[in-house]
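The block underneath contains the structure these notes are about, expressed in structure tokens.
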Amino acid sequence: MKNLLILALLAGVLAGCSQGSPPAAVEAERPPERGAEILVPFKQDLKAALVAGLAEGPAAAISACNVEAPGIAAELSVNGVRVGRSSHKLRNPANGGPDWVTPLLDAYLADTSNRSPVTVTLDDGRSGYVEPIIAQPMCLTCHGEVLAPDIAERIAALYPEDQATGFAEGDLRGVFWVEYE
Ligand code: HEC
């Protein structure tokens with residue numbers, strides 16, 4: 442079971458990042474490559490934390506996400522770069538992200554066929570980049586419609602305001618976002 446989860450995770454991560462041209466509604470003023478590049482270590486570290494946790498069981502993986510995910514984002518947010526994950530259905534209310542992310546997230550929700558990354562120029566002249574996060578089968582252990590009772594209990598204890606359940610495979614789970622010079 443553990444091995445299956447890990448395989449599913451790896452497959453999900455590999456299949457998870459689609460690239461394409463930006464939608465017409467949002468003007469893409471800079472190429473998306475830089476934002477995508479900055480996200481590489483963020484995704485890798487998150488995946489490593491989840492895989493290490495899942496090797497010990499979903500309860501340990503919840504602790505890994507709970508303790509390590511915010512730390513990973515903080516560690517990579519240096520030298521004028523900030524990275525994070527946000528969602529319309531947050532588990533951790535601290536993951537709301539900067540204001541400029543909200544309309545871009547809403548645009549993905551309004552057109553669920555659009556999975557293209559977007560790069561925008563922010564008010565202060567810096568760049569912002571977002572990319573959809575799609576729910577993969579292995580994510581549903583902790584974000585699906587039905588959670589195992591021990592997992593549900595642990596999540597409820599850590600995140601009393603949790604909204605991040607009820608997802609199905611292929612749903613928009615949220616976005617990765619990046620700010621850079
Ligand atoms: C073992 C349980 C578990 C699994 C499996 C899991 N997550 Fe999470 N997820 C969490 C926890 C716990 C948090 C809260 C982390 C924090 O406090 O920042 C979280 C947070 C998130 C967030 C940040 C936004 C928010 O709601 O706070 C996103 C996006 C996310 N998960 C997507 C995914 C995706 C995509 C997958 C599958 C590749 C996945 N998760 C698999 C437990 C899990």
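All letters in the sequence shown, in the order written, are residues 442 to 622 by my numbering.
Think of the CB as a built atom: it goes at the ideal place given N, C-alpha and C, for glycine as much as any other residue.
Residue i, DSSP secondary structure in three states
| i | result |
| --- | --- |
| V587 | coil |
| R526 | strand |
| Y621 | strand |
| Q604 | coil |
| R595 | helix |
| S568 | strand |
| V519 | coil |
| R556 | coil |
| G494 | helix |
Under 8 Å between C-beta atoms of residue i and residue j
| i | j | result |
| --- | --- | --- |
| A605 | K530 | yes |
| G611 | A576 | yes |
| D591 | A490 | no |
| Y623 | T560 | Look at the range of the chain in this structure, 442 to 622, and you will see that residue 623 is not part of it. |
| L613 | P578 | no |
| G538 | S527 | yes |
| N536 | G525 | yes |
| E620 | L545 | no |
- Query: Quick one: complete alpha helix (DSSP H) runs, 4+ long, within the stretch 526-554?
  - Reply: 542-551
- Query: Per the contact definition of three or more C-beta pairs closer than 8 Å, is the stretch 585-600 in contact with the stretch 502-512?
  - Reply: yes
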